[in-house]
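Asker: Here our numbering runs 1 ahead of the position in the sequence shown, where the first position is 1.
To start, I am sharing the structure in question, which I have written as structure tokens.
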Amino acid sequence: MEARSTLAECVLFAGLSDDALDTLAACAKLRAVRGGETLFSSGETSDALYIVATGRLRAVLPSGQVAGDIYRLEPIGEIGVLAGEPRGASVHALRDSLLWCFSREAFYAFVLDHPAALVAMARVIVGRLRQNNRATQLASARRTRTFAVVAATPEIDGQGLARALTAALAKRGPCELIDAAYVERALGAGAAAVTAGSGADDSRLMEWLNGIEAGHEHLIYDAGHGDDAWALRALRQADRVLVVADANATPAPSRMIDALVRASVRTPVDTVLLRPQGFGAAAAQAWRQALHASSHYFLRPNDEGDIASLARQLTGCGLGLVLGGGGARGFAHIGLLKALEELKLPIDLTGGTSMGAFVSALHASGHDARSITEIARDTFVNRNLLNDYLLPRVALIGGRKMRRRLQEVFGDSRIEQLRKTYFCVSTNLTRGIAMVHDQGLVADWVGTSMCIPGVAPPVAYRGDLLADGAVVNSLPTDVMQGLARGPIIASDVSTEGSIAAPGIEGPDFEAVLNRNADGRRVTLLDILFRTSTLTSESGVRSRAERADLYLRMPVGGIQTFDWKDLDAIVERGYRHAMARLPEVLAQLG
2 MEARSTLAEC VLFAGLSDDA LDTLAACAKL RAVRGGETLF SSGETSDALY
52 IVATGRLRAV LPSGQVAGDI YRLEPIGEIG VLAGEPRGAS VHALRDSLLW
102 CFSREAFYAF VLDHPAALVA MARVIVGRLR QNNRATQLAS ARRTRTFAVV
152 AATPEIDGQG LARALTAALA KRGPCELIDA AYVERALGAG AAAVTAGSGA
202 DDSRLMEWLN GIEAGHEHLI YDAGHGDDAW ALRALRQADR VLVVADANAT
252 PAPSRMIDAL VRASVRTPVD TVLLRPQGFG AAAAQAWRQA LHASSHYFLR
302 PNDEGDIASL ARQLTGCGLG LVLGGGGARG FAHIGLLKAL EELKLPIDLT
352 GGTSMGAFVS ALHASGHDAR SITEIARDTF VNRNLLNDYL LPRVALIGGR
402 KMRRRLQEVF GDSRIEQLRK TYFCVSTNLT RGIAMVHDQG LVADWVGTSM
452 CIPGVAPPVA YRGDLLADGA VVNSLPTDVM QGLARGPIIA SDVSTEGSIA
502 APGIEGPDFE AVLNRNADGR RVTLLDILFR TSTLTSESGV RSRAERADLY
552 LRMPVGGIQT FDWKDLDAIV ERGYRHAMAR LPEVLAQLG
């Protein structure tokens with residue numbers, strides 16, 4: 002591996018002359034860091050800076066918070082060296098990595114001879130620090146380039162998934178599938194069985210693999226069943242490990258799980274669960290727990306749409322949809338779904354609050370815009386589910402009719418078994434925080450997310466009281482952003498001044514007891530809903546900034562409980578979405 006070619010591609014040294022690059026390359030020393038090893042720890046002397054030639058590392062602050070991942074061609078430790086300060090974070094290798102190392106003394110000597118280089122590097126560093134956090138995170142998600150596919154049990158066809166995923170990723174750029182046979186065709190018999198750290202043969206294999214990686218957008222390593230030297234190598238070369246399992250088979254101790262432990266890598270692990278059409282997913286959570294997996298994906302065998310969705314999400318191109326709370330105004334979300342269907346923009350994962358939780362749960366369950374419209378009509382227009390009034394000790398209604406309806410609609414479905422990744426948000430009134438629900442019964446958590454304080458009783462859970470998520474987070478783009486699957490569309494149906502007394506100068510203490518000039522009357526339900534969402538609406542701007550496309554739906558004049566206007570509200574949402582979505586098709590793709 003040649004230092005100069007790596008440095009020439011590195012953004013940090015983009016402004017350097019050819020002579021300066023030659024001088025700098027002469028100072029470089031190659032260092033290998035095995036997956037799981039620590040490059041340096043916080044508080045240590047900043048005695049060197051590094052450039053990642055291949056691999057992936059992670060910076061962790063002393064508090065334990067992850068500061069970020071570091072990828073090919075990115076620098077490590079440059080600020081500490083330039084500032085003469087101790088290391089501010091620990092850096093660990095997530096996978097086997099090769100780094101070009103520059104000692105502090107050699108680097109200082111270089112910048113003294115080439116002062117213009119220091120100015121050029123300072124500009125790059127300052128520009129990087131000023132980058133928008135959302136853009137930085139999205140770019141980071143899209144730098145995941147290598148995947149190891151390993152079958153959980155002998156009867157699982159991991160090789161079939163590896164081939165299918167390679168074909169899907171090849172549509173985005175050069176992608177190669179590498180297995181033991183591929184290695185031995187190129188390097189000779191026994192090359193794939195070389196163990197890590199075994200000397201010249203190991204260095205030869207590692208350099209060859211790194212050369213292939215440099216020439217491709219993505220690599221897929223077929224790790225078989227994860228129980229031999231090649232499987233361990235594949236696991237250590239990957240940015241992400243994908244364990245393929247049967248969605249209904251209970252995890253049991255296996256050689257594959259032992260291999261994951263022996264590999265001693267910090268690489269994120271996901272589980273890909275095979276689930277034929279119409280079958281459940283009884284073991285989804287069990288597989289995540291057994292593998293310490295960060296997430297799971299469902300695949301129907303030979304379903305190209307599922308494979309395409311998996312490929313998008315793994316490479317930071319999955320499209321996430323976040324739907325906000327707003328009572329009847331939330332019907333506008335259905336219009337957005339209709340527009341997305343017409344434009345053939347597939348949603349890969351979704352979540353929401355309150356009415357947005359209801360609509361997004363239906364979408365994650367497999368319903369299209371037409372069937373969601375009819376379910377909403379039957380739930381909110383044809384039936385009067387908000388009339389089980391109580392003596393108003395804790396709330397106006399008992400909420401039992403709505404709970405029964407949600408159980409009708411969602412049955413015994415669990416969030417972790419839905420076709421698409423889904424979450425909803427409630428407010429913990431006891432602790433004053435938002436709670437994210439990504440497992441458990443769909444009907445229970447959607448119902449909790451819709452419990453408007455004062456209208457319906459709060460839900461008791463583990464000693465706390467939970468209510469409508471819109472109280473603290475009416476548009477949970479922060480939750481979707483944390484999943485780091487790709488661009489986000491956010492649909493906001495909150496409205497400023499949704500209750501008012503037009504034409505009244507006042508103070509008039511009797512005005513709300515009469516009809517407004519437009520013939521409408523402000524109701525107790527309107528006042529309770531508006532009061533419960535005031536805090537969350539003050540954060541609209543920050544939540545909008547986390548979305549790649551923010552849609553403030555045109556729902557002015559629509560009251561929270563205007564259920565009868567369903568069709569008109571859906572149409573408003575549809576027209577607004579059709580006007581905005583075509584502008585950003587390339588960005589969202």
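Yeah, the Cβ is synthetic: ideal placement off N, Cα and C, and Gly gets one too.
(1) Considering only residues of the same chain and omitting the five flanking positions on each side of residue 564, which have a CB-CB separation below 8 Å?
(2) Contact check, residue 338 vs residue 370 under 8 Å by CB: the rounded distance?
(3) According to DSSP, is residue 274 helix, strand or coil?
(4) Is the CB-CB distance between residue 269 and residue 352 below 9 Å?
(5) Roughly how many whole angstroms lie between the Cα atoms of residue 289 and residue 404?
(6) Keeping to the same chain, check which residues put their C-beta closer than 8 Å to that of residue 410; ignore five residues upstream and five downstream.
(7) Would you decide whether residue 310 is buried or exposed? Buried here means 16 or more other CB atoms lie within 10 Å of its CB.
(8) Using the C-alpha atoms, what's the distance from residue 435 back to residue 325?
(9) For residue 30, is the classification buried or exposed, using 16 other Cβ atoms within 10 angstroms of its Cβ as the cut-off for buried?
(10) In terms of residue numbering, what span does the alpha helix (DSSP H) encompassing residue 3 cover?
(11) Which runs of the alpha helix (DSSP H) fall wholly inside the stretch 5 to 76 and span at least 4 residues, in chain order?
(12) Who are residue 593's beta bridge partners in DSSP?
(13) Need the endpoints of the beta strand (DSSP E) that residue 427 sits in, please.
(14) What are the start and end residues of each continuous alpha helix (DSSP H) run of 4 or more residues lying completely inside the stretch 89 to 156, in chain order?
(15) Return the CA-CA distance between residue 253 and residue 232, expressed in angstroms with no decimal places.
(16) Using the Cβ count rule (16 or more neighbours within 10 Å means buried), how would you classify residue 354?
(17) Would you mind stating whether residue 223 and residue 145 have Cβ atoms separated by less than 9 Å?
(18) Mind the definition here: the stretch 18 to 25 touches the stretch 47 to 56 only if three or more C-beta pairs lie below 8 Å; say whether that holds.
(19) Using a threshold of 9 Å, state whether the C-beta atoms of residue 243 and residue 162 are closer than that.
(20) Under the assumption that residue 428 contacts residue 468 (Cβ atoms under 8 Å), give the Cβ distance between them as a whole number of angstroms.
(21) If you check the beta carbons only, do residue 493 and residue 545 fall under 9 Å apart?
(22) Have a look at residue 561 and residue 317 and give me their C-alpha separation to the nearest angstrom.
(23) Taking the alpha helix (DSSP H) that residue 481 belongs to, which residues open and close that run?
(24) Go to residue 465, then tell me how far its beta strand (DSSP E) extends in each direction, as first and last residue.
(25) Are the CB atoms of residue 281 and residue 408 nearer to each other than 9 Å?
(26) When DSSP labels each residue in this structure, what does residue 296 get in the three-state scheme?
(27) Tell me the DSSP secondary structure of residue 169 in three-state form.
(28) Which residue from 374, 37 and 287 puts its Cα closest to that of residue 92?
(29) For residue 364, which of helix, strand or coil comes out of DSSP?
(30) Could you work out which residue in 197, 272 and 568 is closest to residue 422 when comparing CA atoms only?
(31) Thinking just about the alpha-carbon of each residue, which of 462, 121 and 420 is nearest to the one in residue 297?
(32) Measuring alpha carbon to alpha carbon, tell me which residue in 194, 113, 295 and 141 is nearest residue 68.
(33) In the DSSP assignment, what residue or residues form a beta bridge with residue 462?
(34) Classify residue 44: buried if its beta carbon has 16 or more other beta carbons within 10 angstroms, exposed otherwise.
(35) For the alpha helix (DSSP H) that contains residue 212, what are its first and last residues?
(36) As an exercise, report each continuous beta strand (DSSP E) stretch of at least 3 residues that is fully enclosed by the stretch 218 to 290, in chain order.
Answerer: Concretely, from the data shown:
(1) Sequence-distant partners of residue 564 (beyond 5 residues in either direction) whose C-beta falls short of 8 Å from its own C-beta, in its chain, are 329, 381 and 382.
(2) 4 Å
(3) strand
(4) no
(5) 29 Å
(6) 363, 376, 380 and 444
(7) Counting other Cβ atoms within 10 Å of its Cβ, residue 310 reaches 16 or more and is therefore classed as buried.
(8) 14 Å
(9) exposed
(10) Premise fails: residue 3 is in no alpha helix (DSSP H) and is neither H nor E.
(11) 19 to 28
(12) Outside the displayed range of the chain (2 to 590) lies residue 593, so it cannot be described from this structure.
(13) 422 to 429
(14) The qualifying runs are 105 to 114, 116 to 130 and 134 to 142.
(15) 19 Å
(16) It is buried - the Cβ of residue 354 has at least 16 other Cβ atoms within 10 Å.
(17) no
(18) Taking a cut-off of 8 Å on C-beta distances, the stretch 18 to 25 does not touch the stretch 47 to 56, as fewer than three cross pairs fall below it.
(19) Yes, the pair counts as a contact, with Cβ atoms nearer than the cut-off.
(20) 5 Å
(21) yes
(22) Taking the straight line from one Cα to the other gives about 36 Å.
(23) Its alpha helix (DSSP H) spans residues 478 to 484.
(24) Start and end: 465 to 469.
(25) no
(26) strand
(27) helix
(28) 37
(29) helix
(30) 272
(31) Closest in alpha carbon position to residue 297, among 462, 121 and 420, is 420.
(32) 141
(33) Paired residues: 465.
(34) Classification for residue 44: exposed.
(35) 201 to 215
(36) Entirely contained in the stretch 218 to 290, the beta strand (DSSP E) runs reaching 3 residues are, in chain order, 219 to 223, 241 to 247 and 270 to 275.
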